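> This is the structure I have questions about; it appears just below.
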Amino acid sequence: MSTTTGSRTLTAPPTLYVDLRSCPEGAGRARHLAAEFLRGLDPVLHHEDIEAVVLVVSELVTNAVRHAEGPSCALHLSACPEAIAVAVSDGSHVPPQPRTPDVSGEGGGFGWSMIHQIAEAVAVTDETAGKTVSALIPRHRADGGAHH
Numbered sequence: 001m002s003t004t005t006g007s008r009t010l011t012a013p014p015t016l017y018v019d020l021r022s023c024p025e026g027a028g029r030a031r032h033l034a035a036e037f038l039r040g041l042d043p044v045l046h047h048e049d050i051e052a053v054v055l056v057v058s059e060l061v062t063n064a065v066r067h068a069e070g071p072s073c074a075l076h077l078s079a080c081p082e083a084i085a086v087a088v089s090d091g092s093h094v095p096p097q098p099r100t101p102d103v104s105g106e107g108g109g110f111g112w113s114m115i116h117q118i119a120e121a122v123a124v125t126d127e128t129a130g131k132t133v134s135a136l137i138p139r140h141r142a143d144g145g146a147h148h
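Once you know that position 19 of the sequence shown is 19 in UniProt numbering, the rest is easy, because the numbers rise by one and skip nothing.
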């Protein structure tokens with residue numbers, strides 16, 4: 001979307017917004033939609049950047065499905081020139097809590113710390129109807145460095 005004001009044209013970044021059912025299939029649908037959206041961006045994202053964003057989307061939506069109240073959650077992606085902004089909103093006011101990872105493979109506990117390792121910034125915003133967890137994942141340049 002472009003808007004012309006005077007002699008300047010303002011272009012809104014490409015975005016994806018989708019409501020997801022809070023069910024196990026919700027995370028899979030979110031991964032698929034996020035990957036499709038990211039592959040369609042111009043300039044094209046590096047494969048590693050797509051994988052990183054899809055992993056963060058998967059973890060945030062999985063956490064919303066497992067731990068939040070309500071029948072749905074919402075995924076919002078925004079492609080900025082130097083980063084991809086990911087936000088997942090759900091009906092719970094309880095912020096994510098770091099847990100000791102369960103190395104037996106039964107109980108998880110890896111996602112929240114993994115999100116913090118991948119993202120440049122992570123925020124939890126309490127809202128009237130629940131919370132939004134946001135992560136900013138930097139795009140990488142052709143030389144392998146991150147845009148900053």
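Glycine included, every Cβ here is placed at the ideal spot set by N, Cα and C.
Remember, it's a predicted structure, so these values are computed and weren't measured experimentally.
Entirely within the UniProt domain "Histidine kinase/HSP90-like ATPase" (24-134) and at least 4 residues each: give me those alpha helix (DSSP H) ranges in chain order.
Within the UniProt domain "Histidine kinase/HSP90-like ATPase" (24-134), the complete alpha helix (DSSP H) runs of at least 4 residues are 24-39, 47-67, 111-118.
> Could you pull the start and end residues of the beta strand (DSSP E) that R21 belongs to?
15-21 is the span of the beta strand (DSSP E), which, as asked, contains R21.
> On a CA-only basis, which of H46, L33, R66, C80 is nearest A135? Give me that one, please.
Comparing Cα positions, the closest option is C80.
> My guess is that I50 and R139 are in contact by the Cβ rule of under 8 Å, so how many angstroms apart are they, rounded?
Incorrect: roughly 10 Å between the Cβ atoms, too far for contact.
> So L38 packs on V53, CB below 8 Å; how close in whole Å?
Indeed they touch by this definition, with Cβ atoms about 6 Å apart.
> So with Cβ pairs under 9 Å, would you call K131 a contact of chain C?
The structure shown has no chain C; it contains just one protein chain.
> So is V124 buried or exposed if we call it buried at 16+ other beta carbons inside 10 Å?
Its Cβ having fewer than 16 others within 10 Å, V124 is exposed.
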